[in-house]
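**Q** Under the numbering used here, the first residue of the sequence shown carries the number 3, and numbering increases by one thereafter. The beta-carbon is built from N, C-alpha and C at its ideal position, and this holds for glycine as well. Predicted model, so just to flag it, every value in this text is computed and none were measured.
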Amino acid sequence: MPLYRQFTEAFNRHRVSDLEIWITLIGLLALGLALIARSMWKQREIKNRRKGDTLRRFIVQCEEIGLFPDEIAFIKAKAKKINFELNSGLMGSNAVFDRFAVSVINSADKKHLQECNTELHSIRNKFGFKPPPRGFPLSSTRELTAGQAIFMILPTDVFLEARVTEVDELSLNLKLQAGYPRASLTPGMQVYLHFNRIADARYSGPSEIIKTNSDERGIFVTLQHCSSLHRDQRRQDFRIDEDRSVSIWVLDEETKDLDDPIRAISKRIPVRAILEDISGGGASIIFERSLPANESIVVNLDPSGNYGLPLIRGTVLRSNRRGRTDKWALSVRFEDLKPSEHQKIVNHVFLKERDLLNIA
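(1) Can you find a heavy atom of the ligand GTP that lies under 8 Å from the Cβ of Val301?
(2) So Arg265 is in the alpha helix (DSSP H); what residue range does that whole segment cover?
(3) Do the segment 246–253 and the segment 163–175 meet, that is, are 3 or more Cβ pairs less than 8 Å apart?
(4) Since Glu210 contacts Leu225 with CB under 8 Å, what's their CB separation in whole angstroms?
(5) On the CB-based measure, 16 or more other CB atoms within 10 Å of its CB, does His114 come out buried or exposed?
(6) What does DSSP give as the partner residue(s) for Gly316 in the beta ladder?
(7) Shortest alpha-carbon distance to Leu363 belongs to which of Val318, Gly220 and Ser286?
(8) What do you reckon, are the CB atoms on Pro139 and Ala79 nearer than 9 Å?
(9) Quick one, which of Leu174, His350, Phe131 and Leu156 has its alpha-carbon nearest Gly149's?
(10) Is it the case that the Cβ atoms of Ser306 and Val351 are separated by a distance below 9 Å?
(11) I'd like to know whether the C-beta atoms of Gly220 and Leu178 end up nearer to each other than 9 Å.
(12) Among Pro189, Asn108, Lys258 and Tyr194, which has the Cα closest to the Cα of Phe222?
(13) Is the beta carbon of Ser363 less than 9 Å from the beta carbon of Ser109?
(14) Can you have a look at Val62 and say buried or exposed, based on whether 16 or more other CB atoms are within 10 angstroms of its CB?
(15) Rounded to a whole number of angstroms, what is the C-alpha to C-alpha distance between Asp100 and His344?
(16) Span of the beta strand (DSSP E) holding Pro133?
(17) CA-CA distance, Pro134 and Leu88?
(18) With distances taken between CB atoms, is the gap from Thr403 to Ser105 smaller than 9 Å?
(19) Name the DSSP beta bridge partners of Asn198, please?
(20) What ranges does the alpha helix (DSSP H) occupy inside the segment 23–98, keeping only unbroken runs of at least 4 residues that lie completely in it?
(21) Let me check understanding here. Comparing Cα to Cα, which of His227, Gly94, Pro312 and Glu255 lies closest to Ile107?
(22) Quick one: residues in its chain with C-beta nearer than 6 Å to the C-beta of Phe76, no 5 flanking neighbours on either side, listed in chain order?
(23) So, helix, strand or coil for Ala148, using DSSP?
(24) Quickly, what does DSSP pair Gly220 with across the bridge? List them, please.
(25) Roughly how many whole angstroms lie between the Cα atoms of Leu146 and Leu311?
(26) State the Cα-Cα distance for the pair Ile267 and Arg241, rounded to the nearest angstrom.
(27) Helix, strand or coil for Ser321 per DSSP?
(28) Since Ala331 contacts Ser286 with CB under 8 Å, what's their CB separation in whole angstroms?
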């Protein structure tokens, strides 16, 4: 007799009740749930053990780089509050630390906000993220340091040059170059920031004015931090191509030492040249002959009067022959620019670059 028939007949001879079937099924279910629970408990235990080991390694690393016990306790408490898992990534990535810092600041009540600011600022410095080391792109303006040059663009397309005076976790403080009116800057105004980081790249991003103030030292602006920086791989100064005619006067011994050489040469006939490119601090000019380094010249950047650019005094830094032609490329540094003249050049550079980017 086949095996399955033997099994069927045995089952029919020893038939169990429905209650016994249900008890058996419930027992099997309970056993299965117990095994699952045990497996989950073991997995949780392993995870907690690994988490504990990771935390202990993190604390050891914090101690090795010089964090104080109260700073380590601060990190642990804030990480628990914002549900942030602590590991070596917090001190190995400026982007990770910046996200941690923003979450801590956003979760802090007003009473403890300044305490969080002080602690995070100290920890950021000890982690080496102010500024980040070479090869690490900036994550936000919190990583800037005092002295950084910044261009602040207003909604009216006015470009203000400034320098960072102080940076903490809450705000970015700038000092404007002399000659800019404070009245046009109001709290809540949306602005756009541009700056170069040496040996890294160009950055830009939005911000908002928190407050302004002025004293005998100058005009100061406090801004919200920008956490959405755009990184442009170009590292040179803000410079645009021009390829148009300008006029040049080469100063002689009689005029180069005058207080106002521009007035002295106004009646002399200039030499035509080609403005190859220009930035806020200098230009590249294609000239008919080589000029020695440190030669003083005067350049009319706008002979046609179409751009509103000034006559400026410049110093030749170097001259290079342009290929096999009889033309020379002069690298010129602008000298003795008044704030209003510098502002006109900066505005021209930024507006033209923006137009080129929009076209592209």
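**A** Once the coordinates are examined:
(1) By its list of ligands, the structure shown contains no ligand whatsoever, and the ligand GTP lies outside what it can speak to.
(2) Looking up residue 265 in the sequence shown gives position 263. Run containing Arg265: Pro263 to Ala266, per the alpha helix (DSSP H) assignment.
(3) With a cut-off of 8 Å, the segment 163–175 and the segment 246–253 do not count as touching, because too few Cβ pairs lie within range.
(4) Taking the sequence shown and counting its residues from 1, the one referred to as residue 210 is at position 208. Taking the sequence shown and counting its residues from 1, the one referred to as residue 225 is at position 223. That belief holds up - the Cβ atoms of Glu210 and Leu225 are roughly 7 Å apart, short of 8 Å.
(5) Here residue 114 corresponds to residue number 112 of the sequence shown, with the count starting at 1. Looking at its Cβ environment, which holds fewer than 16 other Cβ atoms inside 10 Å, His114 is exposed.
(6) Position 314 of the sequence shown, counted from the first residue, corresponds to residue 316. Answer is Ile299 and Phe336.
(7) No statement about residue 363 is possible, as the shown extent of the chain runs from 3 to 362 and does not include it.
(8) Here residue 139 refers to the residue found at position 137 when the sequence shown is read from its first residue. Here residue 79 refers to the residue found at position 77 when the sequence shown is read from its first residue. Their beta carbons are not under 9 Å apart, which means Pro139 does not touch Ala79 by this criterion.
(9) Indexing the sequence shown from 1 puts residue 149 at position 147. Relative to the Cα of Gly149, the nearest Cα in the group Leu174, His350, Phe131 and Leu156 belongs to Leu174.
(10) On the sequence shown, position 304 is the one that residue 306 refers to. On the sequence shown, position 349 is the one that residue 351 refers to. Pairing Ser306 with Val351 gives a Cβ-Cβ distance that is not under 9 Å.
(11) Residue mapping note: residue 220 aligns to position 218 of the sequence shown, counting from 1. Residue mapping note: residue 178 aligns to position 176 of the sequence shown, counting from 1. Closer than 9 Å, so yes.
(12) For the purposes of this step, residue 222 is identified with residue 220 of the sequence shown, where counting begins at 1. The candidate whose alpha carbon is nearest that of Phe222 is Pro189.
(13) Because residue 363 is not part of the residues shown, which for the chain are 3 to 362, the question remains open.
(14) Taking the first residue of the sequence shown as position 1, residue 62 is located at position 60. It is exposed - the Cβ of Val62 has fewer than 16 other Cβ atoms within 10 Å.
(15) Taking the first residue of the sequence shown as 1, we reach residue 100 at position 98. Taking the first residue of the sequence shown as 1, we reach residue 344 at position 342. If you take the alpha carbons of Asp100 and His344, they lie about 35 Å apart.
(16) Numbered from its first residue, the sequence shown carries residue 133 at position 131. First-last for Pro133: undefined, no H or E at that position.
(17) If you number the sequence shown from 1, residue 134 lands on position 132. If you number the sequence shown from 1, residue 88 lands on position 86. Distance between the alpha carbons of Pro134 and Leu88: 20 Å.
(18) The chain is shown from 3 up to 362; residue 403 falls before or after that span and cannot be answered.
(19) For the purposes of this step, residue 198 is identified with residue 196 of the sequence shown, where counting begins at 1. Per DSSP, the beta-bridge partners of Asn198 are Arg204.
(20) The segment 23–98 contains, as complete alpha helix (DSSP H) runs of 4+ residues, the segments 71–83 and 91–94 (chain order).
(21) Sequence index remark: in the sequence shown, residue 107 carries index 105 (1-based). Residue His227 holds the alpha-carbon nearest to the alpha-carbon of Ile107 among His227, Gly94, Pro312 and Glu255.
(22) The residue given as residue 76 occupies position 74 in the sequence shown. The answer, listed in chain order, is Glu121.
(23) Residue 148 sits at position 146 when you count from the first residue of the sequence shown. In the structure shown, Ala148 adopts coil according to DSSP, grouped into three states.
(24) Sequence index remark: in the sequence shown, residue 220 carries index 218 (1-based). Here Gly220 is bridged, per DSSP, to Asp217.
(25) Here the question's residue 146 lines up with position 144 in the sequence shown. Here the question's residue 311 lines up with position 309 in the sequence shown. Straight-line measurement puts the Cα of Leu311 at about 32 Å from the Cα of Leu146.
(26) The residue labelled residue 267 in the question sits at position 265 within the sequence shown. The residue labelled residue 241 in the question sits at position 239 within the sequence shown. Ile267 and Arg241: Cα-Cα distance of roughly 28 Å.
(27) Here residue 321 refers to the residue found at position 319 when the sequence shown is read from its first residue. In the displayed model, Ser321 falls within a strand according to three-state DSSP.
(28) Position 329 of the sequence shown, counted from the start, is the residue given in the question as residue 331. Position 284 of the sequence shown, counted from the start, is the residue given in the question as residue 286. With 8 Å as the limit, Ala331 and Ser286 qualify as a contact, their Cβ atoms being about 6 Å apart.
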